[in-house]
Each structure stands twice: as structure tokens, then as C-alpha cells.
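FYI, the numbering for the sequence shown is 1 to 309, going by the working numbering.
Working notes, beginning with the structure itself.
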Amino acid sequence: MREDGRGRVELRVRAPAKVNLYLEVKGGRPDGYHEISSVMQAVSLFDEMTLALADAGGIALSCSHPALPTDERNLVTRAALLLRRRYGVTQGASISLLKRVPLGGGLGGGSSDAAIALLALSQLWGLNARLRELAELAAELGSDVPYFLWGGTALCEGRGERVSPLPSQPMDYVLVMPPWSVSTPEVYAALPTGLTERAMGSKNVMRALAGGDVDLLGTSLRNDLQESALSLHEGLREVWSVLKESREVCHARGLLLSGSGSSFLVLVRGRREARRAADLLASTLSVSCAAVHSLPAWDGRLLPLTLRR
Ligand code: C5P
1 MREDGRGRVE LRVRAPAKVN LYLEVKGGRP DGYHEISSVM QAVSLFDEMT
51 LALADAGGIA LSCSHPALPT DERNLVTRAA LLLRRRYGVT QGASISLLKR
101 VPLGGGLGGG SSDAAIALLA LSQLWGLNAR LRELAELAAE LGSDVPYFLW
151 GGTALCEGRG ERVSPLPSQP MDYVLVMPPW SVSTPEVYAA LPTGLTERAM
201 GSKNVMRALA GGDVDLLGTS LRNDLQESAL SLHEGLREVW SVLKESREVC
251 HARGLLLSGS GSSFLVLVRG RREARRAADL LASTLSVSCA AVHSLPAWDG
301 RLLPLTLRR
């Protein structure tokens with residue numbers, strides 16, 4: 001926490017993106033959601049948030065992305081209002097959000113912003129909230145939001161809100177981020193009805209992550225939403241086909257759609273390979289690509305903006 005030029009107390013923090021290394025849809029639920037089992041991994045692509053105390057009530061959000069509403073349709077505003085209501089907070093906050101994680105890209109940007117806002121505001125407002133209490137609020141905001149309170153590598157079950165940390169070794173990826181936003185409800189709605197049981201489930205992914213086995217991870221990646229997302233978007237099918245063709249030249253160990261898309265992850269061995277593959281894919285596909293690495297769990301701690309890796 002520090003003071004800005006006008007003597008206001010403010011926090012400057014980062015909100016990381018995630019990828020799904022495994023996403024099994026186990027079936028529909030009476031509440032309209034789907035029962036899933038997903039291995040989530042936080043990666044080094046970040047939104048940035050500055051949060052400042054305001055003595056008067058309201059929550060004022062500003063955002064670098066013109067297409068993103070700043071009222072209650074924004075998960076950050078919703079998170080702040082929910083926290084204020086639940087803890088009877090009288091102070092307000094002004095929040096400015098710099099978006100780097102694409103919207104509707106399957107990288108959890110909005111969910112991450114909301115979770116990090118819960119953590120930062122509970123610090124700024126001196127709430128002393130327990131992580132498990134925040135996780136209940138987070139689950140009201142969205143299925144992926146609780147995960148971002150812990151980050152790192154985790155198995156997410158239920159509709160995604162039941163989070164269990166997993167041991168993992170560092171991994172390197174390229175994020176391929178086409179400029180389209182994909183609707184998660186549409187992708188879930190287009191799932192085939194007969195879902196097949198997975199013999200190995202997420203076991204091999206977990207084993208590969210724990211042991212740092214890149215090749216095993218590459219062959220165990222799975223996302224049940226991928227076929228459905230590809231069936232809805234011709235552009236995604238084109239990117240997927242170029243990725244498959246570029247697999248060898250990129251030295252890719254695995255390829256997968258992240259979440260409901262539109263972003264893909266390319267698993268490679270080492271940071272140099274990641275940078276090389278990112279350059280190559282960016283020029284072949286003419287879409288934004290980023291070399292990223294896995295992030296360890298932050299377990300409720302904030303990631304300050306100044307600590308760049
Ligand atoms: O929880 P969240 O608001 O992120 O979910 C967005 C939509 O994605 C839901 O309204 C639902 O249609 C779909 N969804 C689902 N099963 C999940 C998670 C999301 O069907 N486990």
C-alpha cells in the first residue's frame with residue numbers, strides 16, 4: 001500500500017490470466033450449469049489494477065478497454081459492491097483497470113480482475129476477511145472467480161468453484177489470441193448430449209505437472225469444450241488447422257483451446273522455445289501471440305505491480 005501524489009492510499013496490483021490444461025464436462029446440472037473437472041494454471045499475462053480509497057460511498061471504475069462497461073455489468077464493480085454490502089463498508093473506492101488479457105478469450109481475465117479486486121479491497125478497507133469467506137462471494141460472481149483467489153495450479157470441480165491446489169513444476173506456453181470474443185454459454189449449450197467417460201481423467205495431467213514431464217503433459221491435454229467452440233466459429237477452425245500444421249516447426253508438445261476459447265495454448269519446452277514459437281505463430285497467423293510461463297500459487301496474497309518477472 002502507498003500514497004499517490006494527492007495523499008490517497010492506493011494499491012497497484014496485477015491480475016493474471018489462466019489456461020485450462022484439462023477440462024472434462026461430466027454432465028448438465030438442474031441449475032443450468034455443467035459439472036466439470038478442470039485443471040487450471042495461472043500464466044504470466046496480466047491485467048493491471050490501481051485501487052484507491054475514497055471516503056465517500058461509491059465505487060468508481062475506469063477501464064482502458066472502450067468495449068467494457070464500468071457499471072454493474074463489470075465483474076470488478078460487482079465484486080466491490082458485493083464486498084461492501086456483505087461487510088457493511090461505508091468507504092468507497094476508485095479503481096482503474098488496464099486490460100491486457102483479451103475479453104472473451106477463455107483466459108479468465110474478467111474473473112481474475114474480480115478475484116483480485118476482492119483481495120485488494122478487503123486489504124484497502126481493512127476487512128481482515130478470510131480467504132474461505134471471500135471464496136463464497138467469489139462463487140456468487142462467477143464459476144472461475146474463486147480459483148483466482150489462490151492461483152497457481154489447481155483442480156477446479158463442481159461448476160468450477162471448488163478449488164484444490166495441485167503441485168506443479170514450471171511450464172512454458174504460447175498463448176495464441178485471435179481477436180474474437182467467444183460466448184461461454186453458447187459453447188456449453190452446443191455441447192453434444194452423450195458425454196463420454198475419460199479412462200484416465202485428469203490423472204496424467206496432474207502427474208505430468210507434478211513431475212515436470214512436458215511430453216506427458218502434451219499428450220494428456222484435453223478440453224471437452226473445444227469441439228463445441230470450433231463447431232460454432234469458422235475462424236477458430238482455421239486457427240486450429242494452422243496450429244496443427246505448425247506443430248513441428250514450433251516444436252510444440254501440445255495444443256489446446258483454453259476454456260471456451262477463443263485463445264489457444266501451445267505447450268513448449270523452455271522460455272526460448274516459447275519466444276521463438278510466439279514470433280513464428282504471430283507472423284504465420286497474424287494474430288496476437290504471447291510467450292508466457294506458469295505462475296506459482298499466490299494463495300490470497302496480492303501480486304504488486306512493481307515486482308515484474
Ligand atoms: O459462472 P459463469 O458466469 O462464469 O458462467 C457463464 C456461463 O457458462 C453460465 O451461465 C453457463 O451457461 C456456462 N457454464 C456452465 N457450466 C459451468 C460453468 C459455466 O454451463 N461449470
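Using N, Cα and C, we set each Cβ at its ideal position, and we do this for glycine too.
DSSP, read as helix, strand or coil, puts LYS244 in helix. When rounded, the separation of the alpha-carbon atoms in GLU3 and CYS63 is 21 Å. Apart from sequence neighbours up to five positions away, the residues of its chain that approach ALA93 with a beta-carbon distance below 7 Å are LEU51, ALA52, LEU53, ALA54, ILE59, ALA80, LEU121, LEU124, ordered along the chain. Rounded to whole angstroms, the gap between the alpha carbons of SER262 and LEU134 is 29 Å. Under the DSSP assignment, LEU134 falls in the alpha helix (DSSP H) whose first and last residues are 131-141.
For TYR22, the shortest C-beta to heavy atom distance toward the ligand C5P is 6 Å or greater. Closest option to PRO304, judged by alpha-carbon separation, among LEU119, GLY57, ARG132, VAL25: LEU119. Per the C-alpha coordinates, the member of GLY160, ARG162, LEU166 positioned closest to ALA154 is LEU166. Using a 10 angstroms sphere on the CB of MET1, the tally of other CB atoms stays under 16, which defines it as exposed. Taking a C-beta distance under 7 Å as the contact criterion, GLY211 and ASN20 do not qualify as a contact pair. For ARG86, the three-state secondary structure derived from DSSP is helix. When rounded, the separation of the alpha-carbon atoms in TYR87 and LEU137 is 11 Å. Out of GLY142, ASP215, ARG130, VAL174, the CA that lies nearest to the CA of LEU243 is found in VAL174.
Around the C-beta of ALA56, fewer than 16 other C-beta atoms lie within 10 Å, and the residue is accordingly described as exposed. Close CB contacts of GLY270 within its chain, under the 7 Å cut and outside five residues either way in sequence, are with ASP172 (chain order). Out of PHE46, GLY110, LEU45, SER202, the CA that lies nearest to the CA of GLU72 is found in GLY110. Within the model, the alpha-carbon separation for LYS18 versus SER96 is close to 21 Å. Pairwise C-beta distances place the region 24-38 out of contact with the region 229-237, as fewer than three of them are shorter than 8 Å. Between GLU157 and TYR188, the alpha-carbon positions lie close to 16 Å from each other. GLY105 sits in coil when the DSSP states are folded into three classes, being neither helix nor strand.
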